[in-house]
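Please read the structure below before turning to the comments.
Number of protein chains: 2
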Amino acid sequence: MATGRTHRPATRSRGIPEATVARLPLYLRALTALSERSVPTVSSEELAAAAGVNSAKLRKDFSYLGSYGTRGVGYDVEYLVYQISRELGLTQDWPVVIVGIGNLGAALANYGGFASRGFRVAALIDADPGMAGKPVAGIPVQHTDELEKIIQDDGVSIGVIATPAGAAQQVCDRLVAAGVTSILNFAPTVLNVPEGVDVRKVDLSIELQILAFHEQRKAGEEAAGDAGAVPPVAARKQQPATDQGPDGDVPAVMPA
Amino acid sequence: MATGRTHRPATRSRGIPEATVARLPLYLRALTALSERSVPTVSSEELAAAAGVNSAKLRKDFSYLGSYGTRGVGYDVEYLVYQISRELGLTQDWPVVIVGIGNLGAALANYGGFASRGFRVAALIDADPGMAGKPVAGIPVQHTDELEKIIQDDGVSIGVIATPAGAAQQVCDRLVAAGVTSILNFAPTVLNVPEGVDVRKVDLSIELQILAFHEQRKAGEEAAGDAGAVPPVAARKQQPATDQGPDGDVPAVMPA
DNA sequence: ATGTCTTTGTGAACGCGTGCACAAAGATGG
DNA sequence: CCATCTTTGTGCACGCGTTCACAAAGACAT
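The listed protein sequences correspond, in order, to chains A and B.
For the first sequence, the UniProt record's numbering assigns the number 1 to the initial residue and increments by one for each residue that follows.
For the second sequence, the UniProt record's numbering assigns the number 1 to the initial residue and increments by one for each residue that follows.
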């Protein structure tokens with residue numbers, strides 16, 4: 001019960017695959033750097049290297065946007081910057097509210113990467129009345145009571161949640177009710193949102209845990225005496241049966 | 001040239017798919033919450049709802065770890081918490097260094113989600129000599145000069161980069177040279193690392209740009225009067241020739 | 001012991017994303 | 001105008017991840 005939409009059903013936005021959309025900002029960044037160095041054109045090979053991807057993938061990605069390259073030459077940097085910006089919707093202004101001005105919220109408010117793209121911090125919001133009026137990154141913090149008013153007055157459609165986990169769902173509900181349809185969630189919780197609302201989450205703890213997994217694996221393999229780079233990758237199905245008892249058996253540390 | 005490893009070649013760690021590994025922390029969090037409420041067992045359906053995923057996917061994920069459930073009953077919460085923790089390598093202590101103690105670095109240092117898992121902040125490092133000795137989150141900041149010594153003394157294998165983009169690669173190189181083999185990168189740059197080093201990146205700006213794309217799409221579809229879900233998706237190859245000049249021409253909005 | 005009922009574990013089908021490899025397009029030089 | 005050379009755009013095949021749907025496994029009641 002209560003299986004509210006949580007994952008975007010991958011509606012396959014236009015023709016553009018989600019994986020490609022996720023890479024466009026990467027290309028844009030590399031292109032912007034080239035633009036600042038006044039480089040007129042760039043080949044798929046060069047740009048791919050700068051963005052850290054495969055050149056074939058890059059060309060396929062661009063092919064979804066249209067035929068913007070010139071065979072034998074490459075891509076016009078300025079033109080491509082514009083096309084990608086337009087595709088991502090960065091040619092317009094996106095007012096954003098940040099809710100929860102703790103350490104992380106303040107860091108976000110100060111982050112320069114927002115303004116340089118089309119993003120503008122419309123308001124900083126915190127539940128602590130003591131914070132009200134205190135300027136962070138040159139913007140006075142406002143109390144949660146003002147949330148609905150701000151969103152409606154400024155036509156905010158993107159909200160950033162940087163509150164503790166306990167408050168996140170409640171904040172999310174209020175944001176959505178007030179008209180926000182895209183949410184960037186930094187709180188370590190699964191947010192429940194109605195259909196049509198996009199949620200992306202950034203979870204520091206999860207990223208570290210994934211790294212720990214790989215780290216452990218490296219250590220384990222090393223201990224196994226396998227010094228070479230690429231170990232017998234495929235077909236390793238056996239369980240670490242040497243570890244503890246057989247399947248059903250419970251290792252030392254156990255439930256009460 | 002210099003196409004150093006940047007993406008993990010999906011070495012397919014053990015039998016466990018990368019996608020599954022990425023979800024394990026999610027399950028772990030949901031299970032921990034249940035554990036705190038002293039819930040003894042949980043069905044795949046319930047747990048899947050709590051973690052915001054499909055129940056079939058969850059069962060398949062768990063099947064990679066082994067047969068830890070009981071048919072007709074579900075999964076033993078405590079047991080599963082242990083198994084996942086062990087699989088992720090959280091039963092051991094992971095010392096972590098955070099480099100770049102600006103707003104974001106400070107936020108990370110204060111983030112509680114680390115300690116609760118097996119992660120311990122071994123050191124905070126900043127290039128600014130004025131920061132040296134100043135305590136952040138109860139830990140005195142140390143100067144970059146100490147970096148190598150700290151890593152070797154504490155056996156640090158995970159590093160977090162929260163520096164400006166310009167310094168990231170240099171910091172990365174030093175971390176790797178000193179023995180770090182997993183890096184969590186918050187700087188908006190593509191990091192170049194040798195084989196065997198894992199990099200995960202968290203990019204605030206990119207996440208917002210992806211949201212903007214979907215937001216623009218929603219707005220566009222609404223304006224097109226297309227209330228239905230799936231618009232004529234495929235086969236849109238024509239350029240927006242009505243927009244501006246031909247290929248080489250640069251539209252109005254442009255960088256300096 | 002036997003039957004019923006719940007829930008897991010997984011075989012199989014499908015769709016998306018990736019990468020190879022090459023034909024077509026255009027630039028450039030003679 | 002033709003030949004050559006570079007680089008794009010993409011058809012195709014492959015592998016990973018997701019989902020469905022169901023048989024097998026066990027709990028529980030009688």
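All C-beta atoms, glycine included, are put in the ideal place defined by N, C-alpha and C.
Problem set entry | Rounded Cβ spacing between residue 274 (chain A) and Q169 (chain A) (contact assumed at less than 8 Å) | There is simply no residue 274 (chain A) to check, as chain A begins at 1 and stops at 256 in what is shown.
Exercise. Whose C-beta lies closer than 7 Å to the C-beta of C172 (chain B) among residues of the same chain, with five residues either side of it excluded?
Worked result: Taking the first residue of the second sequence as position 1, residue 172 (chain B) is located at position 172. Closer than 7 Å at Cβ, skipping near neighbours: I161, I183, L191, V193.
For this session: Alpha carbon to alpha carbon, how far is S67 (chain A) from I158 (chain B)? Give it in angstroms, no decimals.
Result: By one-based count along the second sequence, residue 158 (chain B) stands at place 158. By one-based count along the first sequence, residue 67 (chain A) stands at place 67. One alpha carbon belongs to I158 (chain B), the other to S67 (chain A), and they sit about 42 Å apart.
Exercise. Taking only beta-carbon atoms, is E215 (chain B) less than 7 Å away from chain A?
Worked result: Residue mapping note: residue 215 (chain B) aligns to position 215 of the second sequence, counting from 1. Yes, contact with chain A.
Problem set entry | Neighbour list for F114 (chain B) in chain A, Cβ cutoff strictly below 9 Å | As a first step, residue 114 (chain B) must be located in the second sequence, where it is residue number 114. Going along chain A in sequence order, the residues near F114 (chain B) (Cβ under 9 Å) are L204, S205, L208.
For this session: Quick one: grab the DSSP three-state call for N185 (chain B).
Result: For the purposes of this step, residue 185 (chain B) is identified with residue 185 of the second sequence, where counting begins at 1. Strand.
Exercise. Alpha carbon to alpha carbon, how far is V39 (chain B) from G74 (chain B)?
Worked result: As a working note, residue 39 (chain B) is residue 39 in the second sequence. As a working note, residue 74 (chain B) is residue 74 in the second sequence. Their backbone Cα atoms lie some 12 Å apart in a straight line.
Problem set entry | Boundaries of the beta strand (DSSP E) in which Q92 (chain A) is found, first to last residue | Locating residue 92 (chain A) in the first sequence gives position 92, counting from the first residue. Q92 (chain A) -> no beta strand (DSSP E), and no H or E assigned at all.
For this session: Let me know the secondary structure DSSP gives A178 (chain B) once reduced to three states.
Result: Residue 178 (chain B) sits at position 178 when you count from the first residue of the second sequence. In this structure, A178 (chain B) counts as helix in the three-state DSSP scheme.
Exercise. Would DSSP call Y27 (chain A) helix, strand or coil?
Worked result: Working through the first sequence from its first residue, we reach residue 27 (chain A) at position 27. Three-state result, Y27 (chain A): helix.
For this session: Closer than 8 Å by C-beta to L26 (chain B): which residues in its own chain qualify, once you throw out the five before and the five after it? Chain order, please.
Result: Translated into positions along the second sequence, residue 26 (chain B) becomes position 26. Excluding sequence neighbours, L26 (chain B) sits near A51, G52, V53.
Exercise. For residue 262 (chain A), which beta-bridge partners are listed by DSSP?
Worked result: No answer is possible for residue 262 (chain A): it lies beyond the span of chain A, which begins at 1 and ends at 256.
Exercise. Excluding sequence positions up to five away, which residues of its chain have a Cβ less than 8 Å from the Cβ of A167 (chain A)?
Worked result: Locating residue 167 (chain A) in the first sequence gives position 167, where the first residue counts as 1. G100, A127, A187, listed in sequence order.
For this session: Pull up the distance between the alpha-carbon of S63 (chain B) and that of V197 (chain B), whole angstroms please.
Result: Here residue 63 (chain B) corresponds to residue number 63 of the second sequence, with the count starting at 1. Here residue 197 (chain B) corresponds to residue number 197 of the second sequence, with the count starting at 1. Their backbone Cα atoms lie some 28 Å apart in a straight line.
For this session: Please go through the same chain and pick out, in chain order, the residues whose beta-carbon is closer than 6 Å to the beta-carbon of R59 (chain A), but skip the five residues on each side of it.
Result: Mapped onto the first sequence, residue 59 (chain A) falls at position 59. Excluding residues within five positions, the ones whose Cβ falls inside 6 Å are S44.
Problem set entry | the region 122 to 140 of chain A contacting the region 69 to 88 of chain A, beta-carbon criterion three pairs below 8 Å | no
Problem set entry | Separation of G118 (chain B) from T91 (chain B), as counted between CA atoms | Working through the second sequence from its first residue, we reach residue 91 (chain B) at position 91. Working through the second sequence from its first residue, we reach residue 118 (chain B) at position 118. In a straight line, the C-alpha of T91 (chain B) is about 7 Å away from that of G118 (chain B).
Exercise. Which same chain residues, not among the five before or five after L34 (chain B), have their C-beta less than 7 Å away from its C-beta?
Worked result: Counted from its first residue, the second sequence places residue 34 (chain B) at position 34. These residues qualify, in order along the chain: V42, V77.
Exercise. Is the beta carbon of Q83 (chain A) sitting closer than 7 Å to the one on L65 (chain A)?
Worked result: The residue given as residue 83 (chain A) occupies position 83 in the first sequence. The residue given as residue 65 (chain A) occupies position 65 in the first sequence. In contact: Q83 (chain A) and L65 (chain A) (Cβ atoms closer than 7 Å).
Exercise. Can you name the residues that DSSP bridges to T20 (chain A)?
Worked result: For the purposes of this step, residue 20 (chain A) is taken as the residue at position 20 of the first sequence. Its beta-bridge partners do not exist; DSSP assigns none.
For this session: Please say whether L147 (chain A) and R174 (chain A) have beta carbons closer to each other than 7 Å?
Result: Mapped onto the first sequence, residue 174 (chain A) falls at position 174. Mapped onto the first sequence, residue 147 (chain A) falls at position 147. Yes, the pair counts as a contact, with Cβ atoms nearer than the cut-off.
Exercise. Who does V199 (chain A) pair with in a DSSP beta bridge?
Worked result: As a first step, residue 199 (chain A) is located in the first sequence; it is residue number 199 there, counting from the start. Assignment of beta-bridge partners to V199 (chain A) by DSSP yields A:I183.
Exercise. Would G52 (chain B) count as contacting chain A if we go by Cβ distances under 7 Å?
Worked result: Locating residue 52 (chain B) in the second sequence gives position 52, where the first residue counts as 1. Answer yes: the Cβ-Cβ gap between G52 (chain B) and chain A drops below 7 Å somewhere.
Problem set entry | Helix, strand or coil at G130 (chain B) [DSSP, three-state] | The residue labelled residue 130 (chain B) in the question sits at position 130 within the second sequence. G130 (chain B): helix per DSSP, three-state reduction.
Exercise. Of all the residues that make up the region 161 to 189 of chain A, which are near chain B by a beta-carbon distance shorter than 7 Å?
Worked result: T181, S182, L184, P188
Exercise. Which residues share a DSSP beta bridge with T41 (chain B)?
Worked result: Residue 41 (chain B) sits at position 41 when you count from the first residue of the second sequence. Answer is B:D76, bridged to T41 (chain B).
For this session: Could you work out which residues of chain A lie near L211 (chain B), taking near to mean beta carbons separated by less than 7 Å?
Result: In the second sequence, the residue the question calls residue 211 (chain B) occupies position 211. Under the 7 Å cutoff, chain A gives I158, S182, L184, D198, R200.
Problem set entry | DSSP three-state assignment for T163 (chain A), whether helix, strand or coil | Position 163 of the first sequence, counted from the start, is the residue given in the question as residue 163 (chain A). If DSSP states are grouped into helix, strand and coil, T163 (chain A) belongs with coil.
For this session: Just the chain A side, please: which residues come within less than 7 Å of G89 (chain B) by C-beta, in chain order?
Result: Locating residue 89 (chain B) in the second sequence gives position 89, counting from the first residue. By Cβ distance, chain A contributes A212, F213, E215, Q216.
Problem set entry | For G113 (chain B), the nearest candidate out of A:T189, A:H143, A:A178 (CA to CA) | Your numbering for residue 113 (chain B) matches position 113 in the second sequence. Closest option to G113 (chain B), judged by alpha-carbon separation, among A:T189, A:H143, A:A178: A:T189.
Problem set entry | Within chain A, partners of G118 (chain B) - CB distance below 8 Å | Working through the second sequence from its first residue, we reach residue 118 (chain B) at position 118. Going along chain A in sequence order, the residues near G118 (chain B) (Cβ under 8 Å) are A212.
Exercise. Can you tell me whether DSSP reads A125 (chain B) as helix, strand or coil?
Worked result: Here the question's residue 125 (chain B) lines up with position 125 in the second sequence. A small fix is needed here, since residue 125 (chain B) is Ile in this sequence, not Ala. The three-state reading of DSSP puts I125 (chain B) in strand, counting E and B together.
Exercise. Beta-carbon separation of A109 (chain B) and I98 (chain B) under 7 Å?
Worked result: In the second sequence, the residue the question calls residue 109 (chain B) occupies position 109. In the second sequence, the residue the question calls residue 98 (chain B) occupies position 98. Closer than 7 Å, so yes.
Exercise. Considering only residues of the same chain and omitting the five flanking positions on each side of R200 (chain A), which have a CB-CB separation below 6 Å?
Worked result: Residue mapping note: residue 200 (chain A) aligns to position 200 of the first sequence, counting from 1. So the qualifying residues of the chain are L184.
For this session: Report yes if the CB atom of D145 (chain A) is closer than 7 Å to the CB atom of P95 (chain A), and no otherwise.
Result: Numbered from its first residue, the first sequence carries residue 145 (chain A) at position 145. Numbered from its first residue, the first sequence carries residue 95 (chain A) at position 95. No, the Cβ-Cβ distance between D145 (chain A) and P95 (chain A) is not below 7 Å.
Exercise. Using a C-beta cutoff of 7 Å, does L106 (chain B) count as contacting chain A?
Worked result: By one-based count along the second sequence, residue 106 (chain B) stands at place 106. The sequence shown places Ala at residue 106 (chain B), rather than the Leu named in the question. Closer than 7 Å: yes.
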